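As numbered in the numbering used here, residues 3 to 252 make up the sequence shown, in order.
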Amino acid sequence: MTKALILLVTGAVALLVTGAPGIASAQTPTAVGTVTAVSGNVTVTRLAAAPQRLKIRDALYSRDVVEARKDGIARILLGGKTTVTVRELSRLELREEARADGVRYTVELVAGKVRASVARALMGPGEQVEVRTRNAVASVRGTDFIVETGERPAPRRALGLLAGREVGEGIHGGVARSEETVVVTLSGVVEVANGLEATGRAERVGAYETARISGQGEPIRLQIHGDGVKSLLKGLTPVRAAHSHGNRAE
């Protein structure tokens, strides 16, 4: 009888341990970003869950997919150091990778347009921020820049930027030969390379310069002149917290 009682108690304890929240289960993931402003129709998709409406002060995690639909715009604080503004008709995935030399934060831009402003003074040793598209990698440690990607043929805006378009493909879809990416540096320096070519040349793009990558080609650098910056910033005006409940951004 005593032996049976001991076995019963042991089994009950094991059941409690395996069933208790936080015990013998995966730890709660650490947030990689926070939503600081949002306006219009913007959603977040986490793992296999259905898309949810993005709200101000929402925590974002590695592998979260953010999509801004027509008239939607959002601003995300990534890693406490980088402000990412997501333009309408854009879709991206957030990633965080701990490496031996520091943390790398990645914005995987499937389609659309983002602006990333990196606070160099807050960056730790070895920390890095990347914006990746299907055919380009823009890597920085502290700067302000814009990345836009889409498929050709697409109507061209002033200064050769691509037109925004509805996103119809998944994050892990095949690489389109006609994929085109434009990187614009507003301040600092951005290293731009073709992500499809392991040995591709990296172009250092300085302030008021732009680099275009078409398909598997190398980056082509151009200078921005005149009032071009106003056109570049169109649709990327940061939204205010007061406009975070579906109103249009100013």
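Ideal Cβ positions, reconstructed from N, Cα and C, are used throughout, including at glycine.
Quantities reported herein were computed from a predicted structural model and do not represent experimental measurements.
- Secondary structure of Ser141 (DSSP, three-state): strand.
- Within 10 angstroms of the beta-carbon of Gly82 lie fewer than 16 other beta-carbons, which makes it exposed.
- Considering only Gly237, Arg65, Ala33, Ala39, the residue with the shortest C-alpha distance to Thr47 is Arg65.
- Cα atoms of Val131 and Leu80: separation of roughly 9 Å, rounded to the nearest angstrom.
- Ile78 counts as buried, since at least 16 other C-beta atoms from the protein chains shown sit within 10 angstroms of its C-beta.
- Between the segment 90-99 and the segment 114-131, the count of C-beta pairs closer than 8 Å reaches three or more; the two stretches touch.
- Ranked by Cα distance from Met125, the first of Thr145, Ala39, Asn196, Ile215 is Thr145.
- Ala70 and Asn137 have their C-alpha atoms roughly 21 Å apart.
- The Cβ-Cβ distance between Val185 and Val142 does not fall below 7 Å.
- If the five residues before and after Gly128 are omitted, its C-beta is found closer than 6 Å to the C-beta atoms of Asp103, Gly104, all from its own chain and listed in chain order.
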